[in-house]
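Okay, so here's the structure we're looking at.
2 protein chains.
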Amino acid sequence: MSTNLDGRGTVSLATYLFTRLRQLGVRAVHMSYPSYNPIYAFNGHARVKGISALFTQYGVGELNALNAVAGAYVEYSPMVHIVGCPARKTYRVGGVVQHSLGDGKLRVHANIWKHYTVAQAALFNPMTAIELIDQTLQACVQESRPVYLEMPSDMVTVAVQEEPLATPLHLSPLTNDQEIEDEVLETVLNHIYASKQPYVLVDGLAASDQIVDEVNRFASTTGFPTLSYTFGGGIVDGSLPNYHGIDAGKFGTLDFTPYTSTADLCLLFSPFLTNVNMQSYTNIPPKCITISFGRKVIGVGYAGTLSLYVKSVLRKLLDKIDTSRLPNVQKALSPPDYSAPIYQDTFNLRLSSHFRPKDVIICANATPLPGGRGFVLPLDVTLIINSSIWLSIGHMLPAAQGVALAQRELNTGGRTILFEGDGSFQVSAQELSTVIKHKLDAYIFLINNSRYTYERMLHGEDQEYKDVARWNYLMTLEMMGAPRKGEGDYTVDTYDVSTWGDLMPTLEDSKFWDGKGPKMVNVRMDLMDMAKRFKPVLKMQGDLLRADPGLE
Amino acid sequence: MSTNLDGRGTVSLATYLFTRLRQLGVRAVHMSYPSYNPIYAFNGHARVKGISALFTQYGVGELNALNAVAGAYVEYSPMVHIVGCPARKTYRVGGVVQHSLGDGKLRVHANIWKHYTVAQAALFNPMTAIELIDQTLQACVQESRPVYLEMPSDMVTVAVQEEPLATPLHLSPLTNDQEIEDEVLETVLNHIYASKQPYVLVDGLAASDQIVDEVNRFASTTGFPTLSYTFGGGIVDGSLPNYHGIDAGKFGTLDFTPYTSTADLCLLFSPFLTNVNMQSYTNIPPKCITISFGRKVIGVGYAGTLSLYVKSVLRKLLDKIDTSRLPNVQKALSPPDYSAPIYQDTFNLRLSSHFRPKDVIICANATPLPGGRGFVLPLDVTLIINSSIWLSIGHMLPAAQGVALAQRELNTGGRTILFEGDGSFQVSAQELSTVIKHKLDAYIFLINNSRYTYERMLHGEDQEYKDVARWNYLMTLEMMGAPRKGEGDYTVDTYDVSTWGDLMPTLEDSKFWDGKGPKMVNVRMDLMDMAKRFKPVLKMQGDLLRADPGLE
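Chains C and L, in that order, are what the protein sequence lines are.
Under the UniProt record's numbering, the residue at position 179 of the first sequence is numbered 179, and the numbers go up by one with no gaps.
Under the UniProt record's numbering, the residue at position 377 of the second sequence is numbered 377, and the numbers go up by one with no gaps.
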């Protein structure tokens, strides 16, 4: 801090920005130098910490980030993407500089981000820069989506007013017209009181809609049978007696359709109705029994019709609800059947018993993702089954690195546990190097079925190009410079298992679960193994594809 | 092929497209499944084969390709980028499908490509699809830049006319107004005949301008001292007695400024005058002595003023030139000084003697790139110092994979020789897995200085974040499943060297140069080593940066 001519304090624009980020809870900025994987790390970090910041280089760096940031945009993850740009005079003269298109048009890259972020700030003018920063960061938090900041190199040290930093950004939830809100609540409550077989269905946008607490209180207060969609896994407290797990229609580990197909009310929170999340639209409740609560829109059906901020509505709903008028339905669901003999199913169930509060569980796309539905989660375990629509392979190992960093910062004793596919591991394996370099702690269970099993189920089991190259996966850590056993206090452990006989002694060893260092388990599974009840949905999709390629 | 109702032959749209690609010389289509690295491979392939084709998946795949294709666009490399899209009806109904933005707007991704490709074809209409394909491929070849094709999944098998395939695409060079061309030629020839100290300066766009043959004939016919810019390395036949190598001003292995600074004519072919290529604009000839020949524009100065197709102009220039009227300047340059003791310089010079005709030499960005200026290339060796402006780290290992595949297809005995940095290797190491999977042959010299030396020179030697994680690089091949020595006829060789005593026996072993299998040499160099004469240019840039950050 310094003092300018009229006696007021100034700070550099960079300090202003980073102070604002710190006020929002950001403690680390991921840099995309040199690879694109750190952007996924930053995504993982954001999912745990609420908001993250990423710094990339003009052109080559930011374009590598596009896929990952687009995924965050699509799935409502808040991120601040700062791009280090050429100096302003380079823009003025249209310089032919590195990482540009060579035609003097230097804002082409920036213009693309209008389609993949919810707000953009071009910090070219010292008079407006801090206002732009404040507006953009506000949009990031309130919309829970990525934003984009262009920082020309000669703006970094420009002096700006320090005084606005004394006032935190205005981020409180937005309020509704009281009269409309009361009318809507009356209608909703009447539906609830009149119902005989209601259930609660929670989807993944509840986190970005910031109603996780309200949804859990609603489920707990009403005692209604509560399910999640795949994308919503981990939102509802797993220890609630009326929470029954993931609703994957007839394709889940548990089949809830005997109850849901005859229900007369579905309260649908934060829906994100993609083809993947909906199991090709097979597990969606009828419109006429559904009341949906979106971030800004509420009503009968899937999309809602009335513009209201959901957080305010839910808080008042919880205040007003008269529990004596609720139907009694707690025991309406059939008991779980855990006798499934298929390998990946058994694996997921057995692993679940080792999860602890504050753990973060991360499931890669493809087979680990549907497998993750079989987890039985204790209270306060976060499950990041990230993707219901973007589904970018290679995302989750770097994301786990970001989560591990967030866990260290939060220091709650929570562990980072990744279930990774062999195919996706090969996409972004070098991010293990970052884990080692920063001495982070993480579990990596590699679900090794030697191929893109998910894709084979979809496109045909005999497609050679869907084979994964045969790596010696457990060598990766040493290759990337990890210390050997006995060299210092940060050491890696590796395990190669193909039977329960191999794996059980490890799982039963309390030292294994101490959460220290990277622990990598190569779990060799059958070539075509995946969650038992998920096979039919993929086979069905594959058959439809072959009959009508237009469906993909 | 089948026959339709009016008796004419039809083929599927996919067959039509792939037949056209085959007619253009494409023999392999790279798929971006699952990673972004194959796009760089495809770039390498294109540089050797002239044109390549890439297939990616809608959304996640194509956005990962953006950085690499943007680099090809900027640096005039012809590529056909085909994106496998959802079916047309998904677009009509605005479906919320995987890899989309979830808002029903399915063409957002496609619209971005207008900025990074020279032509785009949305193959949604069977009536116009083949015409669009033909136009787009023609643009790709004639402009020597990437094009973009959207292929909805239900268009793949649509039947189209086969008959147009009988006529190859019209790709012959475009011709000029004869009168204007003759006038210009007279002026150019008068300047040449009147000059006393002329030289020829060749830049990298000569390849995409398709005038490599004409430029070489011009250099050979006139005998004028001939130099290349960094980006133009490998264009001029290294065995020409009047070709003297790369002009890096005062910062090259050889300093040509005693001659060039007093020259009275510079014939500049295919200029691409970026800040990097021009050594921060220090090695550019004065405008008043320069006649530049761009693809479509010719004239005095750097950019030219007259719209003429250069290939036609050069062919007529070679016909008309009267060699008896040329100044005799063959011996005007000072002899080379090869006594530089610095390691990377010595290394490059010694390695050069092992290059053979048809070899392709690939230099990664950062230290190998300026180091590559020191190579002395025999006839018919291609040097891919790719980047003069895009400079995306991690590009060259996958590019080498693409080159190795092209070498196998061409079957000339030429080898693929990569000089890779340790930092860039970590970005895209998994592409070695593709080399192994397809049993390709390649040399990988890893210039291992434990850090981003280039960046340290630029930003300060003490910047910890510029350190590269310490990998055991030579384990990579085994980790990725390469067979060990003695297991079958495809085996890898690895070498760990830090002195000439380690390296010389290997270089002198003819078996080492047999070109079989992957051979990886970990060359441990001094932390801050790089081409001797390149150090000052980076130091200068770094000093300027610290004094005025606006210059980056």
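Think of the CB as a built atom: it goes at the ideal place given N, C-alpha and C, for glycine as much as any other residue.
Nearest to histidine 99(L) by alpha-carbon distance, out of Ala87(L), Trp113(L), Gln57(L) and Tyr76(L), is Gln57(L).
At a Cβ-Cβ threshold of 8 Å, serine 312(C) and glutamate 143(C) do not count as neighbours.
Annotation: valine 427(C) to glutamine 430(L) spans about 7 Å, alpha carbon to alpha carbon. Cβ atoms of proline 164(L) and aspartate 264(L) stay farther apart than 8 Å, at about 53 Å. Chain L places no beta carbon closer than 8 Å to that of valine 118(C), leaving this residue out of the contacts. Closest by C-alpha distance to leucine 171(L), out of Gln210(L), Thr257(L), Phe231(L) and Pro152(L), is Gln210(L).
The three-state reading of DSSP puts glycine 84(L) in strand, counting E and B together.
The DSSP-derived three-state label of lysine 519(L) is strand. Taking a Cβ-Cβ cut-off of 8 Å, glutamine 401(L) has no neighbours in chain C, whose nearest Cβ is about 12 Å from it. According to the DSSP secondary-structure assignment, isoleucine 417(L) is paired through a beta bridge with Ile361(L) and Tyr443(L). Chain L places a beta carbon closer than 8 Å to that of glycine 102(C), counting this residue as a contact.
Counting only the Cα atoms, phenylalanine 272(L) lies some 9 Å from valine 96(C). The beta carbon of lysine 485(L) is closer than 6 Å to those of Thr491 in its chain, skipping five residues each way along the sequence.
The beta-carbon separation of alanine 72(C) and proline 146(C), rounded to 5 Å, stays under the 8 Å limit for a contact. Sequence-distant Cβ neighbours of threonine 175(C) in its own chain, meaning closer than 6 Å and more than five residues away, are Ser312.
The beta carbon of isoleucine 362(C) does not come within 8 Å of any beta carbon belonging to chain L, so the residue lies off that interface. Along the length of the segment 52-134 of chain L, whole beta strand (DSSP E) runs at least 3 residues long occupy 52-57, 79-85 and 119-122, reported in chain order. For isoleucine 447(L), no CB of chain C lies under 8 Å from its own CB, so it is not counted at the interface with that chain. Annotation for serine 433(C): Met480 and Gly481 place their beta carbon closer than 8 Å to its own, counting only its chain and skipping 5 residues before and after. DSSP, reduced to helix, strand and coil, places asparagine 216(C) within a helical segment of the structure shown. For methionine 504(C), the secondary structure class from DSSP, reduced to helix, strand or coil, is helix. Taking valine 141(C) as the centre and dropping the five residues before and after it, the same chain places the C-beta of Leu24, Ile51, Pro78, Leu169 and Leu171 closer than 8 Å to its C-beta, in chain order.
Between the alpha carbons of valine 403(L) and arginine 92(L) lies a gap of roughly 41 Å. For a cut-off of 8 Å, the C-beta gap from isoleucine 298(C) to valine 184(C) is around 6 Å, short enough to register as a contact. Glutamate 420(L) and isoleucine 444(L) do touch by the CB rule: their CB atoms are close to 6 Å apart, below 8 Å. Those residues of the segment 58-72 of chain L placed with their C-beta closer than 7 Å to a C-beta in chain C are Val60, Leu63, Asn64, Leu66, Asn67 and Ala70, ordered along the chain. At a cut-off of 8 Å between beta carbons, alanine 469(C) contacts chain L. In this structure the segment 123-139 of chain L touches the segment 10-21 of chain L; the number of beta carbon pairs closer than 8 Å is three or more. What lysine 437(L) touches in chain C, judged by beta-carbon distance under 8 Å, is Ala469, going in chain order. By the Cβ neighbour-count rule, glutamate 186(L) is exposed, with fewer than 16 other Cβ atoms within 10 Å of its own. The C-beta distance from glycine 294(C) to serine 270(C) rounds to 7 Å, short enough to meet the 8 Å contact threshold. Closest by C-alpha distance to valine 118(L), out of Asp154(L), Val80(L) and His30(L), is Val80(L). The beta carbons of valine 497(L) and glycine 414(L) sit no closer together than 8 Å. For the pair tyrosine 259(L) and aspartate 203(L), the Cα-to-Cα distance works out to about 19 Å.
Nearest C-alpha to aspartate 237(C) among Ala121(C), Ala206(C) and Ala248(C): Ala206(C). Membership of threonine 187(L) in the alpha helix (DSSP H) is indicated by the continuous run 178-194.
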